[in-house]
Structure formats: structure tokens, C-alpha cells
Amino acid sequence: MAAVTTPRKRRTLKQVLKRLLLIDLFKGLALTFRYNARALYEPRDGGNPLQAIYTEQYPKEPARVSERFRGAPRLNLDPENGASLCIACDLCAVVCPVDCIEVGSIRREVRDGEKVNKKKVLTTFIFDTSRCMFCNLCVEVCPTDCLELTQSFELAVYHRSGFRWDREMLEKGINYVRYTK
Amino acid sequence: MIGLITTLLFAAPEWVRTAITRERQPNVFWSEYVVWPLIQILIVLFIVLTVVAYLVWVERKVSAFMQARLGPMRVGPWGLLQPLADGLKLLLKEDIIPLKADQGVFTVAPIISVVAALTVLAVIPWGAAWATISNINIGVLFVLAVSSISVLGLVLAGWSSNSKYSLLGALRSSAQMVSYEIGMGLSIIGALMFARTLSLNGIIEAQQADGVWYVLFQPVGFLVYLVSALGETNRAPFDLPEAESELVAGYHTEYSGFRWALFFMAEYTSVIVTSAIAVTLFLGGWTLFGLESRITPMAFSIVVAVLFVLLALLIAWRGVVGEPPSVMRTVGIVAVAIFLLLAAGVAFARPFDAQSARVLFSVGVFAGKILALIYAYMWFRWTWPRYRYDQLMALGWKWMIPAGLANIVLTGIWYVLALPRPQGVFGLMREQAGRLAPTGAGLAYFIGTAFVLTIPLSWALLATINRRTRDFNLAEQRQLQMRLRRERLEKQLQKGSQETEQA
Amino acid sequence: MTEPTRTAGASHLDLDEREHTFLDANELVLNMGPQHPSTHGVLRVILKLDGETVTDLDCDIGYLHRGVEKIAEHDTYAMITPYWDRLDYVAAVSNDLLYVEAVEKLLQVEVPRRAQYLRVILTELQRLASHLLWLGTHAMDIGAVTVLLYCFREREEILKIFEDFIGARLTAHAFRIGGFWWDAYPEFEQRVRAFLKILPSRIEEYETLLNANRIWLQRTVGIGIIAAEDAIDLSLTGPCLRGSGVRYDVRKATPYAAYSDFNFEIPIGENGDTYDRFLVRLEEMKQSLLIIEQALDGLPEGPVMAKVPKIIKPPVGDVYHTIEAPKGELGIYLVSDGTGKPYRMRIRPASFINLQSLKKMAVGHLVADVVAIIGTLDIVLGEVDR
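Residue numbers (the numbering used here), protein chains in the order written: chain A, 1 to 181; chain G, 182 to 684; chain D, 685 to 1070.
Right, dumping it as C-alpha cells:
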């Protein structure tokens, strides 16, 4: 592959004729006209790169969100007893580059059958979605798979205070939607 | 507008009228020159302004389809109510006048623009017979004169905004519009030679009589007119006065709300006007291969009914079939029913008499031709990049104006050669109804010379003129100027130091 | 206009001053930006105009300064990676690659082959995405709006692949130190191959619209010429350097990731003008397609994550690492003092250094050309201001 070629200074007869007949301009026109014509008769299937119209009508049609998408945070509960999976280890808060997580905990005696363990128990969990940059680091360090970034992405609220999600909101979650491909 | 002024003059008290025009007219002119023209003006203004609003919608749709998008879809079916929403929004917007702007001029500028654009509508031959507001005998001249006033609006807007971007935009637009007006004026002269009249309706009738569209006699003229019209109306690829990526919005950077909408209206109105002139001069105006004089009320009713049915089918195809039940679908079904009823009504009642059928048909033909040209304008806009300021000037002065001049000269030569025997050589024209018309062989002669001789000859001329300017490089030129200036200054300084030494 | 008065024994300094005042009579100072449609972000260019000709210009940058280099001194090595996404935010994956490779060099970690191949695929896709965005905005600056929408359509396909693989579209946080968090999803190869099938015909479409178009040629040929020597002196890198005819590409000069395994060409220009840079980038896109295809064909099986300690504490030392980012040569100088946080991180931004040539390229041209030249430099203000 040699150097990219720029148009030569001396023109051949063919080039002169092409220039005279405005071929370069008409080729562009033909391309856009093809798109225009195809847009009129082709069925509209948003997001298909092979069709003339690519628009996805997002609020009208559901958005296509991939399974690994990192969106709204959620604190998972133990499916068996409904208790929080969080062990208040504070790793997520430590690893967060923007300090958007605050974990509140107390040390409490927890009865586990016969034994009595002194154990950290989660009290509050504040997640500031306005600062979060959805980098997934907190999810990756979570030892109990409690914290998770879900597929919900519609996080807009009318007031700034709405960005501070407390534990209840994180556990209950906003209207979580499950997207499949 | 002149039509309006004269009619108002006739409606004035007799002593005023006689004082100004020194002639006496009976009062029957009340109906002929006041009431009817006012009705015509209202109809034309209403239709044109509605069309202007919908041209914005069409432009957005066309551009969207060319760009793999959908365009406006939310306000009404397919976004059909978008112009209404836009207009309402612009009306209700805060009216901002910059603090340091020249308030009076700032307010007047958009009005000048829009008035200049709308005034021209008075002489446009929308159709045969009564479908023209004022058929003055200097129509072409009037159009050129009045439409060039609109540049004043742009210049004043740019200057009074007291903003550098606006000022640069205004400078560009004044230079551009003045330059391209020349090309435009030159390009139409060839067609006027054949028509031998400046009346717009007269030109159409001449084409009707000759049985040919003047685009065949005047391909070079038509091309030059098309390009100049693009430049004149500030449409891409010549939209430098408002080049978004360079000057933000050019002369209307500081405008918002309805003042801005006025500029927009002026722009689209002038697009309609220039297209209308192109159609009139080169594309046969409201004629369509003689059909316009032969159409019967029966045939016309069927044409209208078929159009309604096609519309209904389009709505059914795109809006009803396959749509899930919704409000829009109900609206679509109602619309289909209404259009089918209209079609049936027109087909069976046939509400047109012979003349109104002919006139309405001619109006439809004219509108169709204008829309085709406007589509081409949009097509160009969304395909090609934008010229640079100096390239635009070069194109105007070194290509369009010489091409227009060459076209005039060559057409003149072919015309004189074809005159009837005593004066001419070939004698391919004959006297017909008080004007010279080409014979059958003459038609072939004029079309042949235009395509075989005029195009290559004018191209050769242009190529010769522009041979040395092909690799025109502003940077080099600029550096050369700087070097020369530096050398001159150095020389002066040397002289100065020599003088002091001598002293 | 009065002629400058003559004074006895004037030096060259006086001459320059005089010429300056002489020019000042016609000058207009125009602030282009920081809010301007075509300064690609918050760049402020102060133009001195004579008519519409640029006689002088100055860039005012820093509107987007966030102090990433300083932030890095307070964060652990893993926490810094997402900040790199936000430097050149239209080529986040390439930035990530540079950073994680630098840390891996410090740690002396060997990244599995599969991870390296996947990294190449993703960074080349990112190069395509970045070039598509550049082409679209560059064409729009010159007035061809339609190209923008076409380019964004293809870029959207790449972003969809990213979203499925990485979980985010723009600021991806694609790589972790040592490899990947996720392995490729099952249909990944098939999706990328489908995209590779589409793109060549789409590049042809852009070429139809632009390459031979006389207006495009008039607007780009001979605009913003920079000679090879000047380009080297100004330390230009990437397509801006190659457009001037210097065959230098970090992928070939000092191969990183798995680039030494693949065959590809380095396209270079002849004249160093805007048109040549345009052609070079288009050709680079085609070469990227070849690289991706080779990487997909040879994609090995195996793990995607190396054995990396949970808490990253590189030994005392420093490392300089560069990659060929879409904008040019992106470099990082990383000093470790043995703790969990870097002692110093220094970025060599490609856009910032390329932007310094704006004055040399644009003086003497028209305002419209300044827009074209800013476009051809392909700057991203996130990277310029850091």
C-alpha cells in the first residue's frame, strides 16, 4: 500500500468529460435519492443497519439494552429469607473513584442457632447516582453479589435530592425492567 | 404590490386620482380593481404562507429520509402538525433584543426581508386567466428589482445586531446576493429574446405558442439561473451567510422568536418565488403539453378524484394497515373515509365549469413544477458540502456571469441567423399573431444549436477564463502580499536611514 | 490610510511594530468559541481577521480541565482506569488500553493471548468509531450534513457491540489490569463479522459523497498544509503526521498488545493538506477492518484474566508507555513508589499536541478554513484540557 493518491494535476480526456458533465456531483445526488426512495417504501424496523431508515423510536418502542448494561444500582436480597445480602464490608465505598457510596453499619450481636456472633450489620446505604459514573468497580469487589448495576437507565428526576438513593430505594428499586436481546 | 397601489388609487376620491394620474375612470373599477384583487391577494398570501410553513416540514422530512432518519413524527400523524407547533412556539417565545443592538433597525430588518419576498408574489403567474393578481408588462423587471430589496433586510439585520458573527454574515450575504443577481439577470435574457416580452404571462404564452419549453432553447441559461437562484436565496451549497459551522447563524444569530421566523419565512418565500420564475421562464409555466387548454370539466373532475383516492390509499398504507389500534389509527381511518367521500363527490357532482377547470388545472401544473424544483433545491442542500466565501465569489464572477454573457451573445447570433429571409440567413422563423415564432425546422435548429454549439462553446470560454485560477491558493497569495509589504517597508526604511546619514 | 512615518535608524524590531499597527487598522478580533458549533467542544479560538482572512490566532484552552493527573495521585491503580475513559471520550477503549498496559508493565504481568487479541479487536473497533465520528463532524463542518448521519449510523453499530461486550457505550471502562472482567459473549464474533461485512460498502458511500466531489476538493485540497519537517518539529502524531508523508505508527514502531501478529499497512499522504489527512484516515479505517478480521480468525481460546493480586502494589519504578490512539500517539509516564497509589502520572495527550499546529496551518486562510482545519486535526477537548 503506497501513499494515498491525490488527484493528478493533468487531466485525461475522460476526467475532463466527467468534470464537464458534473459526474461527481450527480453521483452524490444519486446516492441520497436512493436513500430517499428506499425510505418511502421499505418497512421500518428501527436499528437495522441494512434498512434505509435507522431511527429507533425510543419512548414509543422499548429501547434495546444489552444484558451486561451497567445502569441503576440495586441491593440484592437473599431470595430465601428476604434479608439483605450486604455484609457492610465497605469495600464498594472504598473502591469507588468518585465516593458516591456511603455505607452505614453498627456492630451487633447476631444469634445464629446456638452461637452468638458479634457482626457488622448494615443500617444505611446511600448511593448518589448523580456522581456515579457506572464504572462497575463496586460490583466487581462486592464479595456477596449484593450490589448490582441493573439494566434500568432512565434515572432522570425532577429534583437533585432524587439522585440520593437510600437503602429502601436501592432494595426495592425503581421500576426495574428486564431487557432481553 | 404595484397592482395593489394602482387599485387603491382607483378607489380613492376622484380629485386625488386626477391629481396624480391625470385621467378619469368610471367607478366600475371598484369591483374590478379593488375587491377582486384583495380577494386574490388574501388567497395567495394564505396559500403561500401555509405552503412555506409546510415546506419546512417537507424539508425536514426529505432531509431525514436522505439521512436514514424519520424526521418529525410526534406532532400529529407523521409530524404533520409540526409547523403549527413550531409557529406557536416561535410566537410565544420571549422577544429578545440585544442590549447594544440598534433597536429600530433591528426591528425593521426582518420586516423588510419578508415584505420584499412577499411583494413579488403579486406578479407571479400562478395559472391561466384570473389566477394572476397583476399581469404587469414588466413582470420580470419587477421581480428582479423587488427581490433584490431583501438583501437590505439581511444587511440591516447583521449590522444592527451589533455582533461580529452577524456582521460577517451580513457582509457575506450582501456580496453574495449582489453578485448572483447579476448572473441571474444575465441568464434570463436569452429566454426573453425568444419571448420578446417582459410580461410573465406573456412569456408563458409565448412558450405555449412556440410549442416548446425554453429550457430546450436555453440549457445554459437555465443552469446559470438555477445556480444563481441557489446563491440568491442563500440555499446550500451557497448558504454562507448563515453557515452554521462557521458563523453560528450568520445575520440572524441574535434573532429569536417571531423575528427569526420572519427571516425563515422570507427565505422560503424567496425559494418559492425563484422557483416560480424558473418555471415561468424555462419550464413552460402553467402549460403542460397543451393539456391545459384542452382539459374538460369531466376530465379534470376525474383527475381530482384520482388524486383524492391516491391520498386515501397512501394514508391507509402507511397509517392504518398494520397499525395497532390507537388514536392515530382512528384518525387515519376517518381521514381515509373523508378523502374517499371527497373523491366520490368530485367524480359524480363535477363542480367545475369549463373555465375554472382549465384555470385550476393550470394552477396545479404550476404548483407541481415549483415543487419539483424545490425538491431539487432540498436535494442539493442535503448532498453537497458548502462552498467557501472566495470560491463562491469566484463561481459567481468567473463562471456564472461569463456563462450568462456567452449565452446571450451566442443565442443572439443563432437568433439573428434564423430571422426571416430579408434580415436573416436561414429564415427559420415566421410572423405569427404579431410575434416571431420559430417554424418546425426552426425548433430543431434552436434546440440543436443550444445543445451542440452553445454548451461546448461557453464551456470552452469558461475553461479558458479559469485555466490559470484552478489552483488559486489564498494562503500563498496572502504570504506574497505580506512579503511584498515587508520588502516595501524595508526599502522605505533604507531610504530613510540613507537620508539621515546624508543629513 | 497614512503611510508609516519614517524614522532614522529604525531597527527590524521597529519594522515589525510598524507593520503590526499598519495591519491593525483593518483587523477584527473574533472569538470563536467556547460556545461555537464547530470547535468540537469548548475550545476558544481568538481570531484576528483582515476581512475574512486570518492574520493571527490564539487558542484558549482549559475550559474542561479536571486535573486528572493530580486525581490519579489520590486513587488506587484500579480506580484510575475509569478516569481514562473521560480523556478522549470518543475513544475511551484506546485510552483504557494505554493505562492498563502501563500498569501491567510496572507489575510485569503477562496478559493471556486471548485477552490481548480481544483488546486489539476492541481498540480497532474504537479506532473505527472515532474515525467515523471525526469524518461525520468534519464533513458537517464543511457543510455535508448527510455524511454525519451515515457515519453515526455505523458508529452506533460499533457502540452496540461495545454495550453487549463491556456494558457501556461511550465511557466504556473496557479493560481491567490484567485482562478483562467479562469474556466475550457467545455471538460476539458473529456480530463483529456482520459489521465487517457492512462497513466497506458504507465507506464507499462516504467516498461517493466526498472523495471526488468538486466542492469537497475545493474546500480541502491545499488547506492547512504542513510539511513533514514542520510536522515533526511540532511533534505531530497520528494521521496528522502521516498525512504529511511520515511513515510513523506506534503499532509498527513499538508494537504493543498483539499488533506484531497482524499484517497491515500504514497509509501516508503526500501533500500534508486536509484532503490527504482525510484520505489517510479513510484508508486507516480499511486497514483497521483487516486487523480485526485477522484477529477474529486467530482468536485463541483460554482465560481472559491474568493472575493479578487483589490489591495492586507495583514495585518501585517508573514506566513510559505509548499506543497509537485514533488521534495520534498517546503516552503515559507512571511512577510507582511501592504503595497502592501512583506517585505521579503524566499524560502525553495526542490532541493537545496536535492542536498546537493550528496556528501554523490556519494563518493566511479564511474563517471557513479554520473550521475545516480544526476538524482535520481531530481534537477532543477532554484530552486537550485533561
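Just so it is clear, CB atoms sit at the ideal spot from N, CA and C, and this is done for glycine as well.
Determine the contact status of residue i and residue j, defining contact as a CB-CB distance below 8 angstroms.
i, j, result
"Cys96/A", "Leu147/A", "no"
"Arg250/G", "Thr55/A", "yes"
"Leu1014/D", "Pro1026/D", "no"
"Gly334/G", "Leu348/G", "no"
"Asp740/D", "Arg728/D", "no"
"Glu1067/D", "Pro1033/D", "yes"
"Phe849/D", "Phe872/D", "yes"
"Arg935/D", "Tyr943/D", "yes"
"Pro951/D", "Glu968/D", "yes"
"Ala756/D", "Ile764/D", "yes"
"Gly623/G", "Leu609/G", "yes"
"Asp815/D", "Ile1063/D", "Strictly speaking, residue 815/D in this sequence is His, with Asp absent from that position. No, they are not a contact pair."
"Trp238/G", "Thr32/A", "no"
Between residue i and chain D, is the shortest Cβ-Cβ distance under 8 angstroms, so that the two count as touching?
i, result
"Pro97/A", "yes"
"Arg38/A", "no"
"Asp652/G", "Note that Asp652/G has pLDDT 48, beneath the 50 cutoff, so the model's placement of it is unreliable and the number below is only indicative. Answer yes: the Cβ-Cβ gap between Asp652/G and chain D drops below 8 angstroms somewhere."
"Leu379/G", "no"
"Arg203/G", "Confidence at Arg203/G is low in this model, with a pLDDT of 49, below 50, so its placement is unreliable and no value can be given for it."
"Pro73/A", "no"
"Phe69/A", "yes"
"Arg567/G", "yes"
"Ala351/G", "no"
"Asp145/A", "no"
Please confirm whether residue i has its beta-carbon closer than 8 angstroms to some beta-carbon of chain G.
i, result
"Tyr35/A", "yes"
"Thr12/A", "no"
"Leu963/D", "no"
"Pro721/D", "yes"
"Asn638/D", "No answer is possible for residue 638/D: it lies beyond the span of chain D, which begins at 685 and ends at 1070."
"Leu833/D", "yes"
"Ala823/D", "yes"
Establish whether the CB of residue i and some CB of chain A are separated by less than 8 angstroms.
i, result
"Glu687/D", "Note that Glu687/D scores a pLDDT of 46, beneath 50, so its modelled location is shaky; the value from the coordinates is reported in the next line. Taking Cβ atoms only, chain A never reaches closer than 8 angstroms to Glu687/D, which makes this a no."
"Ser1046/D", "A small correction: the amino acid at residue 1046/D is Ala; Ser does not occupy that position in the sequence shown. It does not; no Cβ of chain A falls within 8 angstroms."
"Met509/G", "no"
"His857/D", "yes"
"Glu847/D", "yes"
"Trp865/D", "yes"
Run down chain D in chain order and give the residues with a C-beta less than 7 angstroms from the C-beta of residue i.
i, result
"Lys27/A", "Thr892"
"Tyr570/G", "Glu736, Leu1050, Ala1052"
"Cys135/A", "Pro766, His857"
"Lys345/G", "Leu712, Leu714"
"Ala417/G", "Gly827"
"Val429/G", "His720, Pro721"
Note down, in chain order, every chain A residue with its Cβ under 9 angstroms from the Cβ of residue i.
i, result
"Leu632/G", "A small fix is needed here, since residue 632/G is Phe in this sequence, not Leu. Correct list: empty, because the minimum Cβ distance to chain A is about 13 angstroms."
"Val243/G", "Asn36"
"Met254/G", "Thr55, Gln57, Lys60"
Strictly below 7 angstroms CB to CB, what residues from chain A border residue i?
i, result
"Leu251/G", "Ile53, Thr55"
"Val590/G", "What Val590/G touches in chain A: nothing, since even the nearest Cβ is about 20 angstroms away."
"Ala852/D", "Arg70, Phe134"
Could you list which residues in chain D have their beta carbon closer than 8 angstroms to that of residue i, in chain order?
i, result
"Thr564/G", "Ala828, Thr830, Leu893"
Closer than 7 angstroms by beta-carbon distance: list the chain G residues that pair up with residue i, in chain order.
i, result
"Thr32/A", "Met247, Trp560, Trp563, Thr564"
If the cut is a Cβ gap below 9 angstroms, which residues of chain G does residue i touch?
i, result
"Trp900/D", "Trp565, Pro566"
So with CB distances below 8 angstroms, who are the chain G contacts of residue i?
i, result
"Leu20/A", "Trp640"
"Asn947/D", "Here the premise fails: no neighbours, minimum Cβ distance about 34 angstroms."
Got a sec: does the ligand NAP put a non-hydrogen atom nearer than 7 angstroms to the Cβ of residue i?
i, result
"Ala497/G", "Absent from the structure shown: the ligand NAP. Ligands present: none."
Since residue i meets chain C, which of its residues come closer than 7 angstroms, beta carbon to beta carbon?
i, result
"Glu140/A", "The displayed structure is made up of protein chains A, G and D, and chain C is not among them."
Counting beta carbon pairs with one atom in the stretch 330-345 of chain G and one in the stretch 250-269 of chain G, are three or more of them shorter than 8 angstroms?
As far as the Cβ criterion goes, the stretch 250-269 of chain G does not touch the stretch 330-345 of chain G, which means the pair count is below three.
Three-pair Cβ contact test at 8 angstroms for the stretch 956-967 of chain D versus the stretch 882-902 of chain D
Counting Cβ pairs under 8 angstroms, three or more are found: they touch.
Evaluate the contact criterion for the stretch 482-490 of chain G versus the stretch 449-461 of chain G: three or more CB pairs, one atom per stretch, below 8 angstroms.
Cβ pair count under 8 angstroms is below three, so no.
On the three-pair Cβ rule with 8 angstroms, is the stretch 580-589 of chain G touching the stretch 350-365 of chain G?
Yes: the two stretches touch, three or more of their Cβ pairs being nearer than 8 angstroms.
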